[in-house]
Structures are given as C-alpha cells and as structure tokens.
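Numbering (my numbering), first residue to last: 5 to 480.
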C-alpha cells in the first residue's frame, strides 16, 4: 500500500455529545496537561489538531469539540456539514446521554456517503457502570464503530481515530506504528510518545484560534516489523513485562474491590497472553469485581432456587467479563471470517432476571416428547444468554416455565434453533479460557454445527496462533 502523501490535509472530525460526557477531556488529552475534569460551558466549538503516525505516514485530524446542546441547529449546521467524520460520546454512568445519541446522529451529513462515525462510551474506569452491553445497541443498528473508553485513565482514547483513518482512506490494513499503544494508559508527557506544539490555524469559517498539534508517534521506526503469524505462548517468565504492568495497561478492574481469586488470575493470564502476542491487538478488556451475595440470591430466586452447576462459584469471583481482540497478520488463513475474538460474560442478574430484555420462549422441537406428569412445564423453554459475544449468537441456559435452568449450556442463533451441548457452565469456562474467545468457537461444542465454516476456520487457525492448542477440548 502506498504511503499517504497529503501531509498538509487535515481531516475534520466533529466531537458530539451531551454536556459532561467527556468531549473536552478527550480533546484536551491531546494537550500537554493531559487529562482534565474541568468543565467549561461554551456555545462555540474549540479546535485541536491530532497527528497520528501510521504505517502509511502521518495523518492529521482537526478535532472540533462541539457545544453540548443538541437543540442548537445553527451552530451545528455551520460546523458539521463540511466534516469528514464524527465521534459521538456518551457517559456510561448516565443513561440519558445514551438516549441523546440518536438525536446527535441525526445532525450528521450521513447522506454524503462515506461518512464514518465512531461511538464511544466514556468513564469505563468507574466501578459500577450503569450502561452495560445489553443497553448499548445503537451502533449495531447503524453499523457504527463502538469502543468503551476512559479518557481519565488513558484507556482506548486513540482507538476511534484509528477506525476513522481506516474508513476515510479506505484502508482496513492501516495500523498505528505500534499497535500496543492503542490501549496503553498514557499521558502526552510519557516516554516521548507524543510531540506537541501549539500552532495558529485560521478557521474555515473565518476567525482564528489556538489549535494544539498532537503527534501520536508510537514505536521505534528502526525496528523491523515481525513477519507472518506464529504460535505464541506467554510463559510465566516472559521477558516482555510483568503481569501487573501489561494487565493494568488495558483492563478495567476497580482496585478497591478486585480480589486475587483463581478464576480472576486465569482471566488475567489470558489477557496477558493476548497482549504479549506479536500479532494480536487487545481492543477491549473489562473484568468487573465479584458479584455481591444479594445479587446471587436474587438470581437464585429467579432460577427457582437452583442455579446451573458452576454458576454461583464463577460469579462469586467475577461480576462480568468482556474481552475483544483482533489478529493483525494478513497471512492468517481465515477466508472471509473475522480474525478476532470476543467474550462477553453478562452480569448474573442480566442472565437470571428481568434485566435482560431479549428473553425468548421457544416451543420444544417435534422430536422431543414432553413428560406426561407435567406436560405444561416442557411445552416452552426460555433462552437465558450468558455469553453474548455477537449480536447474532450467544451461549445460554435453557429454562422451562416454573422449572429450574438446565445444567448443560446451549448455543443459540437468534431467530433460529437452539443447539444443546453436553457441557456444564464449569466445562464451558474451561474451554472458553483455552479458546481465547476466538470467533464462533462455541459452535465446536454442538454436533449440529461441527462442520460449519466457522468451526473449520477455528480448527485450522488456532494451532497457527496459539501454542499448545488441544483440539480434543473442542468436540461435541
């Protein structure tokens, strides 16, 4: 791919969202003072320049921090119509700011065609987020990029700009000079990663203002890039860094509530392995603190007193868990399938409770006969998702009306049939850790899907990516 040559061109990115969601903090993250939680109300946009060093050269963004009033049509129209892209932001602690996102989206010149939009949920560093994955669906409806971010902790603030650059330049292979820096918590002063200089810039609408130039220069230009995929395993004595250094760089765990449990250690080790892999970029990781006992008791009540085997033990150590990664080597033989992994273990009260809004009832298949002594209980079953890893599919429990959930987990394509497995929740977690959440790995556990394209891709590529892959674990 040729280098991007137009070094003088700056792509205009409008930053939209309600007041106090962190727009100005994200913009000021580009300045030498780093994070600020100061809020200053303004009716005019502020402009900041961000220079991102990529494998196609430096790319300039002019970031327009727009006022937080969605009902200011004149100001918005004046500055949004000529934009090249947009970032929409909301506060993960404030549902009303998410409710406003469709209103902000409607102000964008989507009719221009190639107009990329990234959606960001800010303040993921705060302990008990009020907006979980189940609530955040707008990006799926509109086909937008979505990232949890924390401007305060430096978690993922550059990620939306990488997506926008790829879309604007029509180059999905575009990368930062060092991918690891995308999720590292950094301030502009650290490690020579950023070069800042204020420059005077005339506004395209007239007038002038101080625009801060932020060069995001990550990585050693003299270091040769690694070639091709290779199987990788993170040993306990890995020389790259300590577990604490790498783990804390990309996962959100409230420090005052984290515990050193067995399952937490294993989840952290999985993330560490992925972070140290030379061809994998971790784009999202979140491990919530243990579930309080009252919530476990609430889930038990919903399950008529008995939770599936292994569930209570897991949630007594973990609140919820989200992990997303992507493989960056073009030599990985995945065909048309995504070369990434995704895990999203929901909080227990979203699985066993009325918080899950997409609970589905299915009639029993014709080949399963209801029991004569309580036929009504086996006429319908309820799908209770617990690993909601894509919008189209999930791993779930099955519960009949008035009955307890089954111990064995099931695989479910939304709108299609359920596929039972022979594995309990504890068995599932063991295989989840061994799979690293590689895309659609759960299909390997079902006899009905054992020959699907996803399963064949999983079996072909796992040995290329991870040393010690054991295919015997992934059998129906």
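Note that CB positions come from ideal geometry on N, CA and C, so glycine has one too.
What you are looking at is a predicted structure, and each value in this text was computed from that prediction instead of being measured.
Per DSSP, what kind of secondary structure is residue 412 in: helix, strand or coil?
Residue state, collapsed to three classes: strand.
What first and last residue would you give for the alpha helix (DSSP H) that runs through residue 61?
Premise fails: residue 61 lies in the beta strand (DSSP E), 61-69, not in any alpha helix (DSSP H).
Three CB pairs or more closer than 8 Å across the segment 343-351 and the segment 438-448
Short answer: they touch.
Please confirm whether residue 158 has its beta-carbon closer than 8 Å to some beta-carbon of chain D.
You won't find chain D in this structure, because it holds only one protein chain.
Tell me which residue opens and which closes the alpha helix (DSSP H) that residue 432 is part of.
That run of the alpha helix (DSSP H) goes 429-439.
Which of the three DSSP states, helix, strand or coil, is assigned to residue 278?
DSSP places residue 278 in helix when its eight states are reduced to three.
Quick one: is residue 83 buried, meaning 16 or more other Cβ sit within 10 Å of its Cβ, or exposed?
Classification of residue 83: buried, given that the 10 Å Cβ count is 16 or more.
So what does DSSP say about residue 402, is it helix, strand or coil?
Strand at residue 402.
Which partner residues does residue 154 have in the DSSP bridge list?
As DSSP reads the structure, residue 154 sits in a beta bridge with 159.
From this set, 175, 127, 386, 472, which residue's C-alpha is nearest residue 404's C-alpha?
Per the Cα distances, 386.
Out of 31, 70, 48, 49, state which residue places its alpha-carbon closest to the alpha-carbon of residue 55.
Of the listed residues, the one whose Cα sits closest to residue 55 is 31.
Which stretch, first to last residue, makes up the alpha helix (DSSP H) that contains residue 469?
Residue 469 -> alpha helix (DSSP H) spans 457-469.
Coarse secondary structure for residue 130, derived from DSSP in three states:
Coil.
Could you tell me if residue 169 is buried or exposed, where buried requires 16 or more neighbouring beta carbons within 10 angstroms of its beta carbon?
When all chains shown are included, residue 169 counts as buried.
If I measure Cβ to Cβ from residue 240 and keep anything under 8 Å in the same chain, skipping five residues before and after, which residues do I get?
Residue placement at residue 240 is flagged as unreliable, the pLDDT there being 36, under the threshold of 50; the coordinate-derived value follows with that caveat. None.
Taking the beta strand (DSSP E) that residue 52 falls in, what are its first and last residues?
Element bounds for residue 52: 50-58.
Where does the unbroken alpha helix (DSSP H) through residue 302 begin, and where does it stop?
Following the DSSP letters along the chain, one finds residue 302 inside the alpha helix (DSSP H) bounded by residues 297-306.
Would you tell me roughly how many angstroms separate the C-alpha atoms of residue 93 and residue 476, rounded to the nearest one?
Separation of residue 93 and residue 476 (C-alpha to C-alpha, rounded to the nearest whole angstrom) is 44 Å.
Whose CA, out of 134, 120, 434, 330, lies closest to the CA of residue 174?
Ranked by how close their Cα comes to the Cα of residue 174, the residues 134, 120, 434, 330 have 120 in first place.
Since residue 149 and residue 167 should fall inside the 8 Å C-beta cutoff, what is the C-beta to C-beta distance between them, to a whole number of angstroms?
The Cβ separation is near 4 Å, so the contact holds.
Starting from residue 102 and walking both ways along the alpha helix (DSSP H), at which residues does that stretch end?
Per DSSP, the continuous alpha helix (DSSP H) segment holding residue 102 begins and ends at 99-103.
What distance in whole Å lies between the Cβ atoms of residue 153 and residue 128, which are believed to be in contact at a cut-off of 8 Å?
With 8 Å as the limit, residue 128 and residue 153 qualify as a contact, their Cβ atoms being about 6 Å apart.
Tell me where the beta strand (DSSP E) around residue 347 begins and ends.
Per DSSP, residue 347 belongs to the beta strand (DSSP E) from 344-349.
Quickly, what does DSSP pair residue 331 with across the bridge? List them, please.
The partner list for residue 331 (beta bridge, DSSP) reads 284.
How long is the line joining the alpha carbons of residue 416 and residue 25, rounded to whole angstroms?
Distance between the alpha carbons of residue 416 and residue 25 is about 36 Å.
Backbone secondary structure at residue 149 - three-state DSSP
If DSSP states are grouped into helix, strand and coil, residue 149 belongs with the strands.
Once DSSP output is grouped into helix, strand and coil, what is the label at residue 449?
Note: residue 449 maps to helix in three-state DSSP.
Are the segment 308-325 and the segment 285-298 touching by the rule of at least three beta carbon pairs closer than 8 Å?
By the criterion of at least three beta-carbon pairs nearer than 8 Å, the segment 308-325 is in contact with the segment 285-298.
Could you check if residue 250 is buried or exposed, using at least 16 other CB atoms within 10 Å of its CB as the buried criterion?
Because the pLDDT at residue 250 is just 37, under 50, the model does not fix this residue reliably, and the value given afterwards should be weighed accordingly. When all chains shown are included, residue 250 counts as buried.
In this structure, how does DSSP classify residue 14 when only helix, strand and coil are distinguished?
Strand.
Checking 8 Å against the spacing of the C-beta atoms, do residue 356 and residue 303 come in under that value?
Their beta carbons are under 8 Å apart, which means residue 356 touches residue 303 by this criterion.
Give the single residue among 29, 478, 351 whose Cα lies nearest to the Cα of residue 135.
Checking every option, the nearest Cα to that of residue 135 belongs to 351.
Can you give me the start and stop residues for the beta strand (DSSP E) that residue 352 sits inside?
According to the DSSP assignment, residue 352 belongs to no beta strand (DSSP E) but to the alpha helix (DSSP H) extending over 352-355.
If you run the structure through DSSP and keep just helix, strand and coil, what is residue 478?
DSSP places residue 478 in coil when its eight states are reduced to three.
Do residue 277 and residue 329 have their C-beta atoms closer together than 8 Å?
No; because the gap between Cβ atoms is not below 8 Å, this pair is not in contact.
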